[in-house]
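What follows is one structure encoded as structure tokens, with my remarks underneath.
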Amino acid sequence: MTRIRFAPKQKLRRGFTLIELLVVISIIAVLASLIAPAVQSARRAARKLECLNNMKQCSLAIQNFASGNGGLLPLLTTTMDVSGSGATQQLPIGWPIQILPAIDSGALYKSIKARATSAGLNATEQIYLQTFTCPDDTDSFRQPGGLSYVVNVGTVSSSIWGQGVDLTTVPLSHTSSTIDWNVSGGADVTDINIAVATGVFWRASTNGFAPSLDYISTGDGATTTIMLSENLNAGKWWGITVDDTGFGMRALSPLTQQYNVSSTSTATALNQVLGTYATAVDEPWINRPQTLTRAPRPSSQHMGGVNVFMCDGSGRFISDNVDKYAYGKLLTSNGVTFGEVTLSQSSY
3 MTRIRFAPKQ KLRRGFTLIE LLVVISIIAV LASLIAPAVQ SARRAARKLE CLNNMKQCSL
63 AIQNFASGNG GLLPLLTTTM DVSGSGATQQ LPIGWPIQIL PAIDSGALYK SIKARATSAG
123 LNATEQIYLQ TFTCPDDTDS FRQPGGLSYV VNVGTVSSSI WGQGVDLTTV PLSHTSSTID
183 WNVSGGADVT DINIAVATGV FWRASTNGFA PSLDYISTGD GATTTIMLSE NLNAGKWWGI
243 TVDDTGFGMR ALSPLTQQYN VSSTSTATAL NQVLGTYATA VDEPWINRPQ TLTRAPRPSS
303 QHMGGVNVFM CDGSGRFISD NVDKYAYGKL LTSNGVTFGE VTLSQSSY
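Each number in our numbering comes from the position in the sequence shown (counting from 1) with 2 added on.
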């Protein structure tokens, strides 16, 4: 007998309808829109943390430099013996080159000494160094010579602010004797003593003052004095002008500020300048717009403020809405000697 097998009926598969497909797509889109901000926020936080870590490396390098030099900090600009021309020459260098051995770039430091000339670095030394840049600083990150971090240089004459030429002529050089605080007709000890109290990093002054951690610790204190900040307008790490590697407060008049500080009023001198600075509406300070191409003031791409490192090695995020007077006091290294009231840490 022949058996006849019947194949089971197959169920017909029904595909997605257009409406169902649109519903699925809309659900995916809603979920993506909810997740995307969280992902972007996490990436921003990661970049901000990487920036803090890089600044920490710079801060530690400066501290190590000071430890190996009797507590003295790197000078804003000094000279270095180089032999790229076959004979020993003097190359002007800023603080970044001085700390290269302390950021695991000793080979680059040696290469500069061997190949650079007084005219500048060899092209092979003009490279990108991650430690000097913030990943949010698109003009500097992964760019040859990129520099996002600058040091506190105190009060800067408006004659050189944003000009990028403060070494072109000696009178325009940013030193502790640039501003005539007591209208003496030239630099004197009073001018220098007040000037060096307004910042941390200086070039060599006429009385041989050299910035040190001890000077800051016995003055306003390392915890309340900014050492490093970010600046989107910084130059290259081999730069030598204030605009390249520094930030500070701008004196609001030409080359000689002339605050007319008498010998009997030095104890209140900085109350005058900070008061003037705090009331200046157009003063380019944290993340504020400015008309110049360059401006040695704190700025960043981080939302709401900038990363800074204090002289004690601690990192902080300073709001761009910080009180101007408090910001000015954060820059001074020995303002208490010249009239400043002690700064409360709740003020910033």
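Cβ coordinates follow ideal geometry from the N, Cα and C atoms, glycine included.
Sequence-distant Cβ neighbours of Met-57 in its own chain, meaning closer than 7 Å and more than five residues away, are Tyr-151, Leu-230, Asn-309, Phe-311 and Gly-317. The alpha-carbon of Ser-321 is positioned some 11 Å away from that of Ala-328.
Per the Cβ contact rule, the stretch 24-33 is not in contact with the stretch 100-110 (fewer than 3 Cβ pairs under 8 Å). Between the alpha carbons of Tyr-350 and Ile-181 lies a distance of about 28 Å. The residue from Ser-142, Pro-137, Gly-147 and Thr-140 with its alpha-carbon nearest to that of Thr-126 is Gly-147. If the five residues before and after Ser-113 are omitted, its C-beta is found closer than 7 Å to the C-beta atoms of Glu-127, all from its own chain and listed in chain order. The distance from the Cβ of Ala-47 to that of Gly-86 is about 43 Å, inconsistent with a contact at the 8 Å cut-off. At a Cβ-Cβ threshold of 8 Å, Phe-67 and Ile-101 count as neighbours. Going by beta carbons, Arg-252 and Trp-183 fall outside the 8 Å limit. Apart from sequence neighbours up to five positions away, the residues of its chain that approach Ala-271 with a beta-carbon distance below 8 Å are Trp-183, Ile-196, Tyr-261, Val-263, Phe-340 and Gly-341, ordered along the chain. Around the beta carbon of Ser-335, a 10 Å sphere encloses 16 or more other beta carbons of the protein chains shown; the residue is thus reported as buried. Residue range 215-219 is occupied by the alpha helix (DSSP H) that includes Ile-218. Apart from sequence neighbours up to five positions away, the residues of its chain that approach Ile-129 with a beta-carbon distance below 8 Å are Leu-110, Pro-146 and Gly-147, ordered along the chain.
At a Cβ-Cβ threshold of 8 Å, Ser-161 and Gly-73 do not count as neighbours. Around the beta carbon of Thr-19, fewer than 16 other beta carbons lie within 10 angstroms, which makes this residue exposed. In this structure, DSSP gives Asn-66 a helical state, which the three-state scheme calls helix.
Check the Cα spacing between Cys-53 and each of Ala-206, Ser-175, Thr-192 and Leu-149: the tightest is with Leu-149. Excluding sequence positions up to five before and after Cys-313, its CB lies within less than 7 Å of the CB of Val-202, Leu-215, Ile-218, Ala-224, Thr-227 and Met-229, all in the same chain and listed in chain order. Within its own chain, the residues whose Cβ lies closer than 6 Å to the Cβ of Arg-296, once the five positions on either side in sequence are excluded, are Gly-164, Gly-166, Asn-235 and Asp-245, listed in chain order. In this structure, Pro-300 keeps its C-beta atom at 8 Å or more from the C-beta atom of Gly-250. Between Asp-222 and Val-198, the alpha-carbon positions lie close to 12 Å from each other. Annotated as distal: Gly-156 and Thr-90, with beta-carbon spacing of 8 Å or more. Per the DSSP secondary-structure output, Phe-319 pairs in a beta bridge with Asn-309. Assignment of Ser-231 by DSSP, reduced to helix, strand and coil, places it in the strand class. Looking from the CA of Gly-122, the closest CA among Gly-210, Trp-240, Thr-140 and Cys-60 belongs to Trp-240. Take the alpha-carbon of Gly-248 and the one of Asp-168: they are about 12 Å apart.
Rounded to the nearest whole angstrom, the C-alpha separation of Thr-344 and Leu-332 is 10 Å.
When rounded, the separation of the alpha-carbon atoms in Lys-326 and Ser-346 is 14 Å. Ile-288 sits away from Gly-306, with the two beta carbons spaced by 8 Å or more.
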